[in-house]
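S.K.: The sequence shown begins at 95 in our numbering and counts up one residue at a time. Below are the structure tokens for one structure; questions will follow.
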Amino acid sequence: MAKGKDRDRKADIAACILAGGKNSRMNGRKKAFLPVEETVFWKKIAAKLSGCSAIYISVEDRKKYEQTQADVGECGFEGFPLVEDLEKEKGPLGGIYSVLTACEEQAVLFVPCDMPEVDQELVDTMRGEWVRERKPVFLIRDGKRCPFPGIYTKEMLPWIRRQLERKDYKLQNLLNEIEEKIVCLEDERDGGGNINTEEEYRAYLSKIERKELVRISLKEAVEKILEEVRPLDAWEELPLLELSGRTLWEDVYSRHAQPPFPRSPLDGYAIRSQDSIGADDTHGVFLHVIDTIYAGEASGKKVGEKEAVRLMTGAPIPQGADTVIRQEDVERVGDTISVFQEQHAYENYCYAGEDYSAGTCLLTRGETVGAAECGLLASMGYSHAKVVRNVRAAVIATGSELTEPGSELSFGKIYNANLYLVCSRLTELGVSVVWMDTVQDDARCLKDSIEKACRLDADLILTIGGVSVGQKDIVEETYGLLGAEICFHGVKMKPGSPMMGGSYQKIPMLSFSGNPYGTFVNMELFVLPVLEKMTGSQRYRVEYREGTLAETFEKTGKVPRFVRARWENGTVVWKRQNASGILSSLNGCNCLLEIPPGIGEGRKKGEKVWVRMLSSR
Numbered sequence: 095m096a097k098g099k100d101r102d103r104k105a106d107i108a109a110c111i112l113a114g115g116k117n118s119r120m121n122g123r124k125k126a127f128l129p130v131e132e133t134v135f136w137k138k139i140a141a142k143l144s145g146c147s148a149i150y151i152s153v154e155d156r157k158k159y160e161q162t163q164a165d166v167g168e169c170g171f172e173g174f175p176l177v178e179d180l181e182k183e184k185g186p187l188g189g190i191y192s193v194l195t196a197c198e199e200q201a202v203l204f205v206p207c208d209m210p211e212v213d214q215e216l217v218d219t220m221r222g223e224w225v226r227e228r229k230p231v232f233l234i235r236d237g238k239r240c241p242f243p244g245i246y247t248k249e250m251l252p253w254i255r256r257q258l259e260r261k262d263y264k265l266q267n268l269l270n271e272i273e274e275k276i277v278c279l280e281d282e283r284d285g286g287g288n289i290n291t292e293e294e295y296r297a298y299l300s301k302i303e304r305k306e307l308v309r310i311s312l313k314e315a316v317e318k319i320l321e322e323v324r325p326l327d328a329w330e331e332l333p334l335l336e337l338s339g340r341t342l343w344e345d346v347y348s349r350h351a352q353p354p355f356p357r358s359p360l361d362g363y364a365i366r367s368q369d370s371i372g373a374d375d376t377h378g379v380f381l382h383v384i385d386t387i388y389a390g391e392a393s394g395k396k397v398g399e400k401e402a403v404r405l406m407t408g409a410p411i412p413q414g415a416d417t418v419i420r421q422e423d424v425e426r427v428g429d430t431i432s433v434f435q436e437q438h439a440y441e442n443y444c445y446a447g448e449d450y451s452a453g454t455c456l457l458t459r460g461e462t463v464g465a466a467e468c469g470l471l472a473s474m475g476y477s478h479a480k481v482v483r484n485v486r487a488a489v490i491a492t493g494s495e496l497t498e499p500g501s502e503l504s505f506g507k508i509y510n511a512n513l514y515l516v517c518s519r520l521t522e523l524g525v526s527v528v529w530m531d532t533v534q535d536d537a538r539c540l541k542d543s544i545e546k547a548c549r550l551d552a553d554l555i556l557t558i559g560g561v562s563v564g565q566k567d568i569v570e571e572t573y574g575l576l577g578a579e580i581c582f583h584g585v586k587m588k589p590g591s592p593m594m595g596g597s598y599q600k601i602p603m604l605s606f607s608g609n610p611y612g613t614f615v616n617m618e619l620f621v622l623p624v625l626e627k628m629t630g631s632q633r634y635r636v637e638y639r640e641g642t643l644a645e646t647f648e649k650t651g652k653v654p655r656f657v658r659a660r661w662e663n664g665t666v667v668w669k670r671q672n673a674s675g676i677l678s679s680l681n682g683c684n685c686l687l688e689i690p691p692g693i694g695e696g697r698k699k700g701e702k703v704w705v706r707m708l709s710s711r
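Written as structure tokens, this is what we have:
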């Protein structure tokens, strides 16, 4: 290859489409030339790599591919340099070694020719990371380092050479060996799957030929699912001590004034204010005590001229009196008190209805009953109140790898954490979980479980996992088997972007990402507005707070990003372990930091940011 004359290409990053291999599982068909949407695989991939300095094509045999070019005509590799394998039949490792040896660029982004849905935004993100770090860049999916797409550099050549010499062609072993020298990015996007067999190719074509569901904005997705939600038209009447956390079904009016009579706010004496005129420190006014009234009692006596009635806190103020003087401000001898200060009318005097009058609307439909509301209901004389029936939810986790907590964990399995994460959050939000289930990666099993949830009168159906484009991502197929409506499939957000929303038998359904943090974010952003519309409850309205960022957050993107964080007295501290597959760093969070799209340099330390508080936490 000729050396560049106008620039130092060692500073550039190239791309390479790996088009070698025997293609035995494709009956010898070259995967690079498989037709798709009026083009072929390699051209679809190349269109997403246009920002690279060059796009090489790695082949195991140049003559065979030149003949293929002649056979397919317009699908040939004109303008894309072919690099023949120096190491034959060594798999992708041989192709990577050959391209890194031959090219002049310092780094090359490698994409297999059987990955036509590689994400262009992901490619741009990886290239940007290489520019910043000048290190090989790879992805982490489901907790594992992925060799593709990946940015390999010339510095890796000695390790690749040694691995070839010991006849170890596994790329995963290479990444494990140099793990301290590479940069890894957590990713949960669609498009990471390889198409290796005729069956997978047919399934891929079938998927893209179905009704196109373009990834939509978060706002649009929430609006679409809310169109499927109907307010609950059911209530139940509960006693006071069972009302906490429940949503009022109707407005509540006071049955009487509170207090229902004028009462004393303190221990003292009820008198006529005019009888205290002229009293001062040197000249006392003498009054005759005619009665004593305790709280809960009443007196038939009326306070007349130069008379007083002894009162305890809360006792009714007798007729004739218009003020109460504190007991510590008088001197008493027998049935006579001496008053040494003038008392104004209605001083230390609680009017009837001072708190509220009869017929006042004190609580409104949609309010959440807490301690204050329960106390208010009791003060009005209510022993019971009508509340909205709890939302009934079904939660179904998918995954053949899931094991129930308490059971022995065999190799390759994981515990079913997401199911309990979602169900516990629903309980925090006052939702009754009427159906919990875990099913294998089988669309018909998921269909049966959803139908069971419908028979249990679920108001909302949530599924976890299986919403991406992998071979075992079964949710879209399940919706088809049910005849369910799909409102959207894919949301412009991170994490949790692959999620789906729809309805079945007029029951709204939400299908979440299988990554734990993606699941949690999907819950917060979609379930809360659904619950608000179903119940009319104000408790599900999101509280936003402004705060100052404690540390710089450098990641950027074209979609909104939600970062687990903690709001502390106006300071926002985000968690360093923020990958969507990590659950432990969610502990202690009380908010989600929202990073809007299009922020070129991320968010800086000390910058003002907005956070979405996590209700009931």
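The C-beta atom is built at its ideal place from N, Cα and C for all residues, glycine as well.
Measure the beta-carbon distance from Met593 to Leu604 and round it to whole angstroms, keeping in mind my assumption that it falls under 8 angstroms.
M.R.: Confirmed, about 7 angstroms.
S.K.: Using only the alpha-carbon positions, how far apart do Arg72 and Lys182 sit?
M.R.: In the structure as shown, the chain begins at 95 and stops at 711. Residue 72 is therefore absent and cannot be evaluated.
S.K.: Over what stretch of residues does the beta strand (DSSP E) that includes Ser152 continue unbroken?
M.R.: Counting along the chain, Ser152 sits inside the beta strand (DSSP E) bounded by residues Ile149 to Val153.
S.K.: Which residue's Cα is closest to the Cα of Glu215: Leu143, Ile365, Lys184 and Cys110?
M.R.: Leu143
S.K.: Which residues in the same chain have their Cβ closer than 6 angstroms to the Cβ of Leu550, if we skip the five residues on either side of it in sequence?
M.R.: Here the set comprises Val528 and Trp529.
S.K.: Is it right to say Asn484 is buried, meaning 16 or more other beta carbons lie within 10 angstroms of its own, or is it exposed?
M.R.: buried
S.K.: Buried or exposed for Arg538, please, with buried defined as at least 16 other CB atoms from any protein chain shown within 10 angstroms of its CB.
M.R.: exposed
S.K.: The alpha helix (DSSP H) that contains Met220, what's its start and end?
M.R.: Gln214 to Glu227
S.K.: So, are the CB atoms of Cys110 and Lys318 less than 7 angstroms apart?
M.R.: no
S.K.: Please check the pair Val653 and Met707, which I expect to be a contact at CB under 8 angstroms, by giving their CB distance rounded to whole angstroms.
M.R.: That pair is no contact at about 22 angstroms.
S.K.: What separation, rounded to the nearest whole angstrom, lies between the Cα atoms of Pro241 and Leu643?
M.R.: 34 angstroms
S.K.: Got a sec? Which residues, its chain only, sit under 6 angstroms from Lys305 by beta carbon, not counting five neighbours each side?
M.R.: Bear in mind that the predicted position of Lys305 carries a pLDDT of just 46, short of 50, making it unreliable; the figure below should be weighed with that in mind. Cβ neighbours of Lys305 beyond the five flanking positions: none.
S.K.: Leaving out five residues before and five after Val516 in sequence, what residues of the same chain have Cβ atoms less than 7 angstroms from its Cβ?
M.R.: Val489, Leu556, Ile558, Thr613 and Met617
S.K.: Please name the residue, chosen from Arg324, Lys395 and Pro354, that lies closest to Ile365 on a Cα-to-Cα basis.
M.R.: Lys395
S.K.: Hey, would you say Val153 sits closer than 7 angstroms to Glu223, going by beta carbons?
M.R.: no
S.K.: Please report the distance separating the alpha-carbon of Arg119 from that of Tyr298.
M.R.: 15 angstroms
S.K.: Taking 8 angstroms as the threshold, find out whether the segment 430-448 comes into contact with the segment 384-394 through three or more Cβ pairs.
M.R.: Taking 8 angstroms as the limit for Cβ pairs, the verdict is that the segment 384-394 does not touch the segment 430-448.
S.K.: Would Thr665 be called buried (16 or more neighbouring beta carbons within 10 Å of its own) or exposed?
M.R.: The residue is exposed, with fewer than 16 neighbouring Cβ atoms inside 10 Å.
S.K.: DSSP state of Gly675, grouped into three classes?
M.R.: coil
S.K.: Rounded to the nearest angstrom, how far is the Cβ of Val433 from that of Val424, given a contact under 8 angstroms?
M.R.: Right, their Cβ atoms sit about 6 angstroms apart.
S.K.: Who are the Cβ neighbours of Cys548 in its own chain at under 6 angstroms, not counting the five residues just before and after it?
M.R.: Gln599
S.K.: Could you check how far apart the C-beta atoms of Leu337 and Val463 are, in whole angstroms? I think they sit under 8 angstroms.
M.R.: Their Cβ separation, rounded to whole angstroms, is 4 angstroms, which keeps Leu337 and Val463 in contact under 8 angstroms.
S.K.: Using only the alpha-carbon positions, how far apart do Leu534 and Lys546 sit?
M.R.: According to the sequence displayed, residue 534 carries Gln and not Leu. Between Gln534 and Lys546, the C-alpha separation is close to 16 angstroms.
S.K.: So, helix, strand or coil for Asp423, using DSSP?
M.R.: Here Asp423 sits in helix by DSSP.
S.K.: Is His382 near Glu401, with beta carbons less than 7 angstroms apart?
M.R.: yes
S.K.: State the DSSP-derived secondary structure class of Asp369, mapped to helix, strand or coil.
M.R.: DSSP, read as helix, strand or coil, puts Asp369 in helix.
S.K.: What separation, rounded to the nearest whole angstrom, lies between the Cα atoms of Gly596 and Glu571?
M.R.: 13 angstroms
S.K.: When every heavy atom of the ligand SAM is checked, does at least one fall within less than 6 angstroms of the C-beta of Lys699?
M.R.: By its list of ligands, the structure shown contains no ligand whatsoever, and the ligand SAM lies outside what it can speak to.
S.K.: Could you tell me the alpha carbon to alpha carbon distance between Gly692 and Gly475, rounded to whole angstroms?
M.R.: 56 angstroms
S.K.: Please go through the same chain and pick out, in chain order, the residues whose beta-carbon is closer than 7 angstroms to the beta-carbon of Ser367, but skip the five residues on each side of it.
M.R.: Asp416, Thr417, Gln437, His438 and Ala439
S.K.: How should Glu403 be labelled, buried or exposed, when 16 other C-beta atoms within 10 angstroms of its C-beta is the threshold for buried?
M.R.: The sequence shown places Val at residue 403, not Glu. By the 10 Å Cβ count, Val403 comes out buried.
S.K.: From this set, Arg426, Tyr347, Gly145 and Ala465, which residue's C-alpha is nearest Thr219's C-alpha?
M.R.: Per the Cα distances, Gly145.
S.K.: Go ahead and pull the three-state DSSP assignment for Pro623.
M.R.: helix
S.K.: Answer yes or no: do Leu176 and Ile151 have a C-beta to C-beta separation smaller than 7 angstroms?
M.R.: yes
S.K.: Go ahead and pull the three-state DSSP assignment for Pro602.
M.R.: strand
S.K.: Check this for me: beta carbons of Gln435 and Ala373, under 7 angstroms apart or not?
M.R.: yes
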